[in-house]
Amino acid sequence: MIEEKFTNIPPNIRPDVFHGRFRVYKRPFCDDFLKFCFERFEVGLWSAAREHNIQVLLNTLLGAYRNRLLFVWDQEDCTDTEFLCLDNKYKPIFLKELDKVWEKHGQYSSSNTMLIDDEPYRALLNPPNTTIFTKKYVVGDVKDNLLGPKGEL
């Protein structure tokens with residue numbers, strides 16, 4: 001999770017990394033989940049963030065796995081709806097259309113591709129059953145086991 005507003009974060013929780021005015025917090029079991037995924041699947045990273053913000057995340061979150069990514073896409077690879085979020089009038093709404101992945105990487109299709117995102121609207125234009133929607137990470141939630149061995153993923 002990348003957090004710019006620090007009001008709801010317990011003071012005893014330290015970020016995994018600082019990036020400008022942002023603080024980055026790894027979700028519990030993040031490293032184990034990444035290891036599991038990279039051992040079993042081909043993984044691409046698609047973020048609605050800007051490219052320069054993704055680079056720090058790649059080093060912080062992925063480490064040695066970074067070079068094994070099939071692709072790294074940012075908001076330039078998203079579809080810009082030209083609408084803004086209702087809760088943040090400065091945040092554009094971007095969609096992640098899996099058709100773009102399938103066009104660029106022909107061996108992939110709706111039968112072998114899964115998007116994981118915490119914003120359901122980002123998958124509005126994708127076929128059914130191609131996205132897993134996760135709950136947003138709340139920094140400091142000690143009960144969060146979404147990525148853990150007995151978690152939802």
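Counting from 1, one number per residue, gives the positions in the sequence shown under UniProt numbering.
Idealized CB from N, CA, C, for every residue including glycine.
Among the options, which residue has its Cα nearest to the Cα of residue i?
i: VAL24; options: THR60, PHE83, CYS30; result: THR60
i: LEU58; options: VAL138, HIS19, ILE93; result: HIS19
i: LEU84; options: PHE94, GLN75, ASP77, GLU76; result: PHE94
i: ASP118; options: SER111, ALA64, GLY106, LEU146; result: LEU146
i: THR134; options: ASN126, LEU125, SER109, PRO120; result: PRO120
i: SER110; options: THR131, CYS37, ILE9; result: THR131
i: LYS96; options: ILE13, THR81, GLY63, LYS26; result: THR81
i: ASP40; options: LEU69, LYS26, PRO28; result: Per the sequence shown, residue 40 should be read as Arg rather than Asp. Ranking the options by Cα distance to ARG40, first place goes to LEU69.
i: ASP16; options: PHE36, ARG50, VAL56; result: VAL56
With a cut-off of 8 Å on the beta carbons, I'd call residue i and residue j a contact; round off their distance for me.
i: VAL101; j: GLY44; result: 7 Å
i: LEU115; j: LEU98; result: 6 Å
i: VAL139; j: ILE9; result: 5 Å
i: residue 179; j: CYS78; result: With the chain covering 1 to 153 only, the question about residue 179 has no answer from this structure.
i: residue 238; j: PHE33; result: With the chain running from 1 to 153 in the structure shown, residue 238 is simply not present.
i: ASP144; j: PRO28; result: 5 Å
Hey, quick one: how far does the alpha helix (DSSP H) through residue i stretch, first residue to last?
i: LEU34; result: 30-40
i: VAL101; result: 98-104
i: LEU57; result: 51-57
For residue i, list the residues DSSP reports as bridge partners.
i: THR131; result: LEU115
i: PRO92; result: LEU84
i: HIS19; result: PHE22
i: VAL72; result: LEU45
i: THR60; result: In DSSP, THR60 forms no bridge with anything.
Checklist entry - Between the segment 30-49 and the segment 65-80, do three or more beta carbon pairs fall short of 8 Å? => result yes
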